[in-house]
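2 protein chains.
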Amino acid sequence: MTHLRFALAQIDTCVGDLDGNADKIMHYAHLAAHEGAHVVVFPEMTLTGYPIEDLALRRTFRKAAWDKANWLATELEADGLGDLYVAVGTVGTDHASDKPRNRMVVLHDGMVWAGYDKHFLPNYGVFDEFRIFAAGDRTVVLDIDGVRIGVAICEDIWQDGGPVARLADEHIDVLMTMNGSPYEEGKTHTRYDLAVRRAAEVGAPMIYVNQVGGQDDLVFDGGSFVVDRDGTLLERSPMFMEHLGLFDLDTDAEHQTTGDIADLPDPDEEVYTACVLGLKDYMAKNRFSGVCLGLSGGIDSALVAAMAADACGGHNVHGISMPSMYSSIGSKDDAADLAANIGAHYDVQPIEPMFNVYQGQLKLEGVAAENLQARIRGVIVMAYSNSLGLLAVATGNKSELACGYSTIYGDAVGGYAPIKDLLKTRVWELSRWRNRAAAAGVGIGGLRIVGNENGDAGTPLPGGVMIPVSSIEKAPSAELRPGQKDSDSLPEYELLDKVLAAYIEHAHGRADLLADGFDEKTVDTVMRLVDRAEWKRRQYPLGPKVTALAFGRDRRLPVTNAFRE
Amino acid sequence: MTHLRFALAQIDTCVGDLDGNADKIMHYAHLAAHEGAHVVVFPEMTLTGYPIEDLALRRTFRKAAWDKANWLATELEADGLGDLYVAVGTVGTDHASDKPRNRMVVLHDGMVWAGYDKHFLPNYGVFDEFRIFAAGDRTVVLDIDGVRIGVAICEDIWQDGGPVARLADEHIDVLMTMNGSPYEEGKTHTRYDLAVRRAAEVGAPMIYVNQVGGQDDLVFDGGSFVVDRDGTLLERSPMFMEHLGLFDLDTDAEHQTTGDIADLPDPDEEVYTACVLGLKDYMAKNRFSGVCLGLSGGIDSALVAAMAADACGGHNVHGISMPSMYSSIGSKDDAADLAANIGAHYDVQPIEPMFNVYQGQLKLEGVAAENLQARIRGVIVMAYSNSLGLLAVATGNKSELACGYSTIYGDAVGGYAPIKDLLKTRVWELSRWRNRAAAAGVGIGGLRIVGNENGDAGTPLPGGVMIPVSSIEKAPSAELRPGQKDSDSLPEYELLDKVLAAYIEHAHGRADLLADGFDEKTVDTVMRLVDRAEWKRRQYPLGPKVTALAFGRDRRLPVTNAFRE
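Below, the structure written as structure tokens:
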């Protein structure tokens with residue numbers, strides 16, 4: 000009987016940070032050795048971070064990554080870990096074309112062993128790999144102590160045929176994969192179903208190691224796992240945190256032994272945690288320790304402030320109330336209550352004095368006057384950002400952004416927009432979930448997430464409430480003119496969000512939407528709003544992080560587009 | 000002897016505007032027939048516009064394009080043009096994968112004839128075609144009245160091998176290509192050299208029809224041409240305007256007869272005209288009739304205002320002088336003179352009153368106070384944009400943007416940035432060229448460009464001067480604090496621009512730059528400025544149109560990037 004212990008090192012890397020990533024690999028290799036592992040597997044492009052986009056094309060960067068991989072192999076041996084097999088992802092070079100390759104190498108005995116290059120280079124949705132890399136064309140079977148290990152990288156297992164199909168004839172004992180698979184709601188089950196098919200295809204257990212953490216506008220959720228060739232789940236690491244999972248392979252056994260299976264969060268907790276992790280890592284990797292944002296008393300800014308407090312602690316959140324002549328007393332109270340609940344800094348900066356001076360010169364009317372209010376607020380938020388070194392966060396949700404219910408250079412100001420992918424109805428659901436969690440004892444910073452691997456319950460919330468109930472329950476309003484309500488301009492959100500999902504996410508045309516059962520008036524209203532907003536947004540770009548994801552997760556559209564459905 | 004007359008229809012299309020593009024195809028087909036042509040060739044993706052990005056993935060759009068191609072074939076026949084062979088580009092569908100194809104079809108006898116699908120799908124720099132389209136795999140030789148016509152689309156001729164190599168064995172009489180080739184300085188000669196090689200390869204004359212006009216952040220320069228198999232230039236259409244060129248093929252002749260050869264503009268005229276065409280078409284295709292911009296009296300805003308006047312007439316340009324307590328009298332005079340020269344609307348909006356009210360509440364210092372001035376100006380420019388329906392244009396040049404000498408949500412505000420790809424030294428050169436042209440009688444709107452095919456000399460400039468000489472000659476200053484000069488923070492532009500070209504455009508690392516002969520202090524200063532600016536710009540996105548092109552024409556970089564050269 001041959002027995003081999005695999006460690007699944009689910010870590011959070013940073014693009015371009017070769018030193019930091021190498022140090023983390025070293026740390027987890029030590030942990031794995033301490034647990035008696037023979038092989039430790041890291042996520043896709045561990046050493047370079049992922050996705051690295053056109054940075055891979057820079058020759059100086061590829062040279063530095065190669066040097067760092069060699070340094071790492073040497074250091075591992077010097078630390079007494081030369082016997083360990085350390086599979087890391089990095090960037091290689093195809094010397095024929097001088098193009099980069101997405102590569103797995105194995106560090107062992109102080110050497111960097113020739114690796115495996117990813118075959119299938121995804122080039123859809125958020126992925127641009129075919130643009131950057133040359134495709135690999137070899138299948139690789141590693142032989143470690145007589146165990147035959149087939150390898151594959153991420154997209155290689157999502158496409159039929161290719162390296163996995165070829166491994167089916169290779170009598171492998173295990174399929175070992177490294178992945179950088181971004182979070183999408185429901186993807187845990189999709190990945191598991193896929194792995195079951197691939198394990199059956201190669202007739203061996205499959206190891207799936209995924210990256211965890213936020214990188215730019217993507218969130219990687221971890222959730223690494225192992226499935227047996229009969230589809231039995233053998234191991235599952237927790238989502239959203241760094242983790243070292245273990246899997247013992249017995250090549251003679253008909254069925255492998257089941258190890259630790261982490262619980263899955265409920266759907267609202269999962270999405271809320273993904274948003275917080277994205278913000279937290281965006282701050283960490285871009286060296287921000289705090290955020291600033293406008294607090295209107297409405298639900299969007301309240302939810303974003305709550306997420307920010309969970310990401311960096313309430314004392315690093317700077318909430319700015321910027322009331323105008325149209326702001327209700329209730330809104331101002333709700334903003335103050337939220338700030339008090341999370342322990343945020345809280346300033347009041349009335350905008351009426353600035354508004355009056357501008358209007359003395361400009362005499363604006365209608366929407367131009369409404370936009371002026373939003374833009375004065377944008378200038379104030381950026382003043383806090385510049386003078387205190389804070390990350391300005393934008394508070395727009397997907398329903399608003401899709402319908403153009405937002406002012407460029409106004410409330411859209413910010414370097415990161417944590418809820419841009421959430422429809423308004425989901426904003427309410429997540430707010431209610433966070434309050435339920437608070438009541439159940441999840442304090443500020445108490446989420447199970449990178450940096451809280453041991454499950455600290457966080458800073459308790461006074462009275463067990465995070466988001467003021469009246470912010471959740473009142474009718475939404477931008478408060479840019481007297482008595483304004485969102486429902487003056489938009490259909491009710493329950494209906495609007497259903498139409499948006501069909502029109503934007505599922506690309507239904509007008510005829511499809513009518514066949515979906517939506518009434519003609521609503522369809523035409525929403526299509527007109529969305530088309531106009533998309534056109535406006537394209538005219539005055541809000542920047543890739545807001546537009547690319549707010550308006551359909553996977554669309555890259557021309558600015559000029561005269562086509563109408 | 001077989002004789003065939005080809006018409007090269009170099010036209011300006013609009014993405015998504017199936018109706019407008021079809022009408023223009025119809026118009027040029029009539030012109031071609033009137034000139035006795037047998038075959039008329041249009042640019043790549045004529046009917047849909049180019050580049051259409053992910054719009055091609057929308058099934059409703061592909062259906063509409065197919066219907067429109069059929070309508071066009073029917074209408075051509077109804078108009079008595081059924082005998083003409085009309086080669087147009089459009090989007091097709093690969094029914095096996097349900098992916099779009101980049102397709103040439105031939106309209107004849109009231110029918111849409113099966114076409115040719117582009118083989119090589121560029122996926123570098125500004126191109127994303129592999130993301131969108133399925134590649135074609137068939138070579139196509141059309142037989143028209145016994146003449147064998149090989150066809151290819153754009154990138155097919157840029158790659159060795161593939162369809163052109165296969166055509167070498169097909170004894171074709173002519174190689175007919177449709178192209179959507181974006182403008183780059185010097186590309187006229189590159190294209191010609193390439194065509195000479197391909198014509199020799201297939202042993203036949205080659206027809207190169209290129210798109211003309213601005214589309215989003217790209218400019219297509221036209222300059223369609225024909226070369227004989229021995230490399231002789233047989234026809235050349237003018238750059239930057241719509242044109243119907245003619246080429247007579249005699250299949251028995253050893254050498255073909257030379258037709259019209261348009262002059263090439265001088266290098267400064269070429270770049271200036273490309274910038275104006277980009278702005279002009281951005282306005283037209285996004286339905287703006289006028290622009291607004293801040294006029295500081297400096298050279299950047301002066302050049303942009305001059306370009307805007309050439310694009311849409313001085314009476315559609317709204318210049319706003321926004322002096323602060325630090326603005327010199329000379330600057331204010333220069334701004335007023337420029338506005339008067341081009342006949343622009345001119346308003347003075349002092350920012351000191353707003354600045355004082357903000358500062359009463361915020362008490363900012365240093366860079367935060369400087370940014371506040373720029374952002375107050377941004378709010379005012381956007382107020383003009385909103386209340387008058389004008390396109391706000393940003394005036395930053397490439398040297399400033401690369402070094403971070405710009406304020407987000409401040410002077411970077413705008414939907415289009417006409418000189419974002421020009422280094423500062425080029426800004427001065429183009430300003431001097433425009434004044435020389437003005438002195439030589441080129442009035443406002445008098446450029447040879449789409450819409451001015453007949454060469455109208457434009458509106459004469461008073462005194463033959465467009466840009467005030469003192470704007471060109473004075474030392475550059477942002478005037479955000481007393482006595483400030485650009486040279487306080489930046490190396491002299493003559494040197495800076497050379498380092499930027501090497502570091503950004505040619506991706507030279509630190510060691511390369513030292514080997515280039517730049518001194519260590521300058522190299523380190525510029526690298527630090529550029530890296531910091533790129534990081535800041537990625538943190539707070541300025542939007543794709545400013546970032547993507549300002550910072551190297553072909554780079555797509557991650558937001559988070561800890562790598563340092």
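Chains as they are written, first to last, in numbering that gives the first Met the number 0: chain U, 0 to 564; chain W, 0 to 564.
For each residue, glycine too, the CB sits at the ideal point set by N, CA and C.
When CB distances to chain U are screened at a threshold of 7 Å, the residues of the stretch 489 to 516 of chain W falling below it are A506, G508, in chain order. Interface annotation, F239 of chain W: not in contact with chain U, CB-CB separation never under 9 Å. The DSSP assignment places complete alpha helix (DSSP H) segments of no fewer than 4 residues inside the stretch 58 to 125 of chain U at 58 to 77, in order along the chain. Membership of C274 of chain U in the alpha helix (DSSP H) is indicated by the continuous run 266 to 284.
With a cutoff of 9 Å on beta-carbon distance, F224 of chain U and R235 of chain U are scored as near each other.
Here Y191 of chain W carries a helix assignment [DSSP, helix/strand/coil].
Taking CB atoms only, G160 of chain U has no neighbour in chain W less than 9 Å away. Using beta-carbon distances, M381 of chain U counts as an interface residue toward chain W, with a partner under 9 Å. Taking all protein chains shown into account, E519 of chain U has fewer than 16 neighbouring C-beta atoms within 10 Å of its C-beta and is therefore exposed.
In this structure, G244 of chain W lies near G258 of chain W, with their beta-carbon atoms less than 9 Å apart. Taken through DSSP and simplified to helix, strand or coil, E478 of chain W comes out as coil. Rounded to whole angstroms, L46 of chain W and P121 of chain U show a C-alpha spacing of 29 Å.
Sequence-ordered contacts of the stretch 74 to 97 of chain U with chain W are nonexistent [C-beta pairs closer than 7 Å]. Pairing G202 of chain U with H170 of chain U, the inter-Cα distance amounts to about 8 Å. Neighbours of F129 of chain W in chain U, taken as residues at a C-beta separation under 9 Å, are given in chain order as N122, F129, R130.
Between the alpha carbons of M321 of chain U and S327 of chain U lies a gap of roughly 12 Å. With at least 16 other beta carbons inside 10 angstroms of its own, N209 of chain U counts as buried. Within the same chain, and ignoring the five residues on either side of S323 of chain W in sequence, the residues whose Cβ sits closer than 8 Å to its Cβ are P349, I350, E351, F354, Q372, E478, L479.
Taking 7 Å as the cut-off between beta carbons, the residues of the stretch 347 to 362 of chain U near chain W are Q348, P352, M353, V356, Y357, Q360, L361, in sequence order. H29 of chain W: not part of any beta strand (DSSP E); member of the alpha helix (DSSP H) spanning 17 to 33, first to last residue.
Along the stretch 382 to 405 of chain W, going in chain order, the ones with a CB nearer than 8 Å to a CB of chain U are A382, N385, S386, L390, A391.
Under the DSSP definition of a beta bridge, N209 of chain W partners with W:N178. Within chain W, G377, M381, Y408, V412 have C-beta atoms less than 7 Å from the C-beta of Y408 of chain U, given in sequence order.
Between R447 of chain W and chain U, the shortest Cβ-Cβ separation is not below 9 Å. For A367 of chain U, the C-beta contacts it makes with chain W under 7 Å involve A382, N385, S386, in order along the chain. Secondary structure note for I298 of chain W: its alpha helix (DSSP H) is the uninterrupted segment 298 to 311. Nearest to T272 of chain U by C-alpha distance, out of U:K284, U:R147, U:N451, U:D127, is U:N451. Note that the stretch 308 to 320 of chain U touches the stretch 372 to 384 of chain U; at least 3 beta-carbon pairs, one per stretch, sit closer than 8 Å.
By the neighbour-count criterion, in which a residue is buried when 16 or more other Cβ atoms sit within 10 angstroms of its Cβ, N178 of chain U is buried. Distance from the Cα of Y207 of chain W is smallest, within the candidate group W:V226, W:G296, W:D215, W:S476, for W:V226. Chain-order list of chain U residues neighbouring L371 of chain W: V378, M381, A382, N385, by C-beta distance under 9 Å. Taking the Cα positions, F129 of chain U is about 14 Å away from S96 of chain U. Counting C-beta pairs with one atom in each stretch, the stretch 146 to 157 of chain W and the stretch 174 to 194 of chain W have three or more that are closer than 8 Å, which means they touch. Between T59 of chain W and chain U, the shortest Cβ-Cβ separation is below 9 Å. A buried status is given to A305 of chain W, since no fewer than 16 other beta-carbon atoms sit within 10 Å of its beta-carbon.
Annotated three-state conformation of L243 of chain U is strand, per DSSP.
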